[in-house]
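Take the sequence shown: its position 48, counted from the start at 1, is 138 in this note's numbering, and no numbers get skipped. All C-beta atoms, glycine included, are put in the ideal place defined by N, C-alpha and C. Below is one structure, written out as structure tokens, with a few remarks after it.
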Amino acid sequence: MSEGGSAKPRPAAEVSEWSAEADVVVVGYGVSGAAAAIGAAAEGADVLVVEHTGGWGGAAALAGGFIYLGGGTALQKACGFDDTPEAMHMFLSAAMGPGLDEAKIEVYAERSVEHFDWLVRCGVPFRAAFFDRPAWEPAGDEGLMYSGGENAYPFADLVKPAPRGHLPQMADKRTGERGGGYMLMLPLTKTAEQSGARVRYNTRFQRLVLAADGRVAGIVARSFGEEVAIRARRGVVLAAGSFAFNAQMVARHVPALSGRPGSAVEQHDGQSIRAAQAVGADVANMWACEAAVHTDPGLMIRGIVVNARGERVINEDTYPGRIGQALMLRHDSQGFVVADEQAVEDAAANRVSSGMPAPQPRWVSDDLTELEAAMHVPAGMLAATVGLYNRHAADGQDPVHHKAARWVRPLCPPYGVFDLRGHTSGFTLGGLRTDIDGAVFDVDGEPIPGLYAAGRTTAGIAAGGYASGASLGDGSFFGRRAGRAAAKR
Ligand SMILES: Cc1cc2nc3c(=O)[nH]c(=O)nc-3n(C[C@H](O)[C@H](O)[C@H](O)COP(=O)(O)OP(=O)(O)OC[C@H]3O[C@@H](n4cnc5c(N)ncnc54)[C@H](O)[C@@H]3O)c2cc1C
């Protein structure tokens, strides 16, 4: 039996009693589910949300809160930045692939300003302040930050940079417990319930119910040990998160992530993906993952990041998640930061608390040969890397990885080496293949009648690449569209 229990559909003819019914049944009350509920209710549908846990929020309420938006939002303008949908489209096309869904990228960039305005209308607060320091997230409640490497190589050379990481204003946020995402979820869930959506907690979706004509007619779930069938008169929206916590699926599809799930909650067990596959749904980008490297971006940017062979891996001034992806996917999660005293002091002085402990060097030495031996790096490799970096840095340049001149300076002994091995984690980005209105495609490319999905249950705007905010962004954007489409059916 697969992890999570059987996901095979139940024929409607075998359902003896529906314990509840609604026009639209939404599975999951995180960001995509709340947006779907609002979208469906706005079309006049009677909505029932079914949530596994005892409360709303999912991973979204724990999240840092970045929502990837742009194209000239009111917040961008208030912070003094010009942006256009075209520039946003170009950036997303360059940074989110390979494996992009062009149709999703296009509508997302085109309608991003409208989506920001909708979030504001739902009551999501944003403070018009820009945060400009290397960090995972702002120090306080600033509302805007670069969150995808837009202002670094190679993207800054392709398209005029604009910061697009929009953050709800929240005092005393603690990412991983009650992060900035909480102030996204609080107003969204309030809006959903004020719109008339009903919520049933402690109810775990298990499988779909199929009518004789192939239409999805409802769901089967478990609640306090009882099996319940819930009828969906118009459609079911699956919004139950990723498969990051299904070890079997991760081992099969994203082995680099095995044993390293992060930025997700254990309810992200892939059950909704499997249940949709069991009625013929197609999937996309199951190999793709977001990745984080657990250290201070302010330290990485002032030093160099090397792999197990002592070679630099990327420009260290890019989005730290890209550094994490490079290490996890291309270098077997084996990496080190090499920095000097000035880099460490400058990073400490500018450090933004992220809940992670202050990085400590594992080895310190004036002698690169000694460090190579300690790191098990082939003799001469680290010395060659530092020598080459320093040679160009003396002229304020980095022709190898194109780190911006502002961050380039020769490294001087003594050197500190910070061990990044075992410090990467991530969540899965692949899932059900859907159209821009959340309709789930079957393996022949036809929409499955009555079945919609959004959020990390689906393959969204990010595939081979990622930017902070892409999940809360596409979850709320396509969740809302999926709810509307299900209601209109
Ligand atoms: C610490 C942390 C920081 C993050 N920071 C960011 C960030 O800044 N920006 C960003 O874009 N993303 C961030 N993420 C990722 C982001 O939170 C998730 O990818 C996003 O919430 C996914 O949206 P979703 O609607 O698919 O899932 P969720 O928001 O997790 O909602 C899914 C809901 O479905 C429920 N559920 C699951 N299975 C079932 C079932 N079988 N039956 C019923 N209910 C079920 C879950 O309990 C949950 O409530 C972060 C995540 C974490 C944990």
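Endpoints, beta strand (DSSP E) assigned at residue i
i	result
I538	P537 to A543
F531	A529 to F531
D49	No statement about residue 49 is possible, as the shown extent of the chain runs from 91 to 579 and does not include it.
R321	E316 to L328
A110	A110 to V117
G331	Neither: G331 is in no beta strand (DSSP E) and is coded neither H nor E.
V442	Run containing V442: none; DSSP gives neither H nor E here.
A429	G425 to D430
V395	I394 to N397
D564	Taken as a continuous stretch (DSSP letters only), D564 belongs to no beta strand (DSSP E), being part of the alpha helix (DSSP H) at A560 to K578.
Whole-angstrom distance between residue j and residue i, CA atom to CA atom
i	j	result
M180	P99	41 Å
G155	V105	41 Å
I413	T524	29 Å
M235	A543	29 Å
A346	F335	14 Å
Q338	M275	30 Å
R72	V140	Outside the displayed span of the chain (91 to 579) sits residue 72, for which this structure offers no information.
E200	E316	45 Å
V369	G170	49 Å
T174	D207	15 Å
L248	A185	11 Å
A323	A311	In the sequence as presented, Ala is not what sits at residue 323; that position holds Arg. About 17 Å.
D430	G545	42 Å
S68	E107	Since the first and last residues shown for the chain are 91 and 579, residue 68 lies out of range.
A287	V214	19 Å
F567	A125	8 Å
G187	G554	5 Å
A166	Q367	The amino acid occupying residue 166 in the given sequence is Gln; Ala does not appear at that position. When rounded, the distance between both Cα atoms is 40 Å.
K578	R297	23 Å
L419	V403	11 Å
E196	S202	10 Å
A494	E406	9 Å
H142	M390	39 Å
A97	Y243	44 Å
H421	F245	22 Å
R496	P539	54 Å
T279	L182	29 Å
I394	A177	30 Å
D509	F426	5 Å
Counted within 10 angstroms of its Cβ, other Cβ atoms place residue i as buried (16 or more) or exposed
i	result
D113	buried
T459	exposed
Q424	buried
E267	exposed
D172	exposed
F314	exposed
R571	buried
R574	buried
M502	The question names Met, but residue 502 is Cys in the sequence shown. Classification for C502: exposed.
D222	exposed
R342	exposed
G477	exposed
L115	Here the sequence assigns Val to residue 115, which means Leu is not the residue at that position. Per the 10 Å Cβ criterion, buried.
G349	exposed
V467	buried
S237	buried
D262	exposed
A229	exposed
V490	exposed
E462	buried
S92	exposed
G94	buried
Q53	Within the shown structure, residues of the chain are numbered from 91 to 579, placing residue 53 beyond reach of any answer.
Contact belief for residue i with residue j at Cβ below 8 Å, rounded distance in angstroms
i	j	result
H256	G233	6 Å
R441	A448	7 Å
V533	D372	5 Å
Y198	D457	That belief does not hold up - the Cβ atoms of Y198 and D457 are roughly 51 Å apart, past 8 Å.
A381	G516	4 Å
I128	A282	5 Å
Q284	F216	That belief does not hold up - the Cβ atoms of Q284 and F216 are roughly 21 Å apart, past 8 Å.
V454	P387	Not really, about 21 Å apart at Cβ, beyond 8 Å.
F295	S353	22 Å between Cβ atoms; not a contact.
Boundaries of the alpha helix (DSSP H) in which residue i is found, first to last residue
i	result
Y236	From DSSP, Y236 is part of no alpha helix (DSSP H); its letter is neither H nor E.
I413	P410 to Q415
Chain D contact for residue i (CB, 9 Å cutoff)
i	result
S109	The structure shown contains no chain D; it holds only a single protein chain.
Closer than 8 Å: residue i CB and nearest ligand 2 heavy atom
i	result
R294	No copy of ligand 2 occurs in the structure displayed; its ligands are ligand 1 alone.
Task: Contiguous beta strand (DSSP E) assignments of at least 3 residues, all confined to the stretch 264-314 - done: The qualifying runs are 288-290, 293-300 and 306-313.
Open item on the list: Which runs of the beta strand (DSSP E) at least 3 residues long sit entirely within the stretch 452-501? Give them in chain order.
Closed with: Whole beta strand (DSSP E) segments, 3+ residues: 453-455.
- [ ] Quick one: which unbroken alpha helix (DSSP H) runs of 4-plus residues sit fully inside the stretch 123-188? Chain order, please.
- [x] Whole alpha helix (DSSP H) segments, 4+ residues: 148-152, 164-168 and 175-185.
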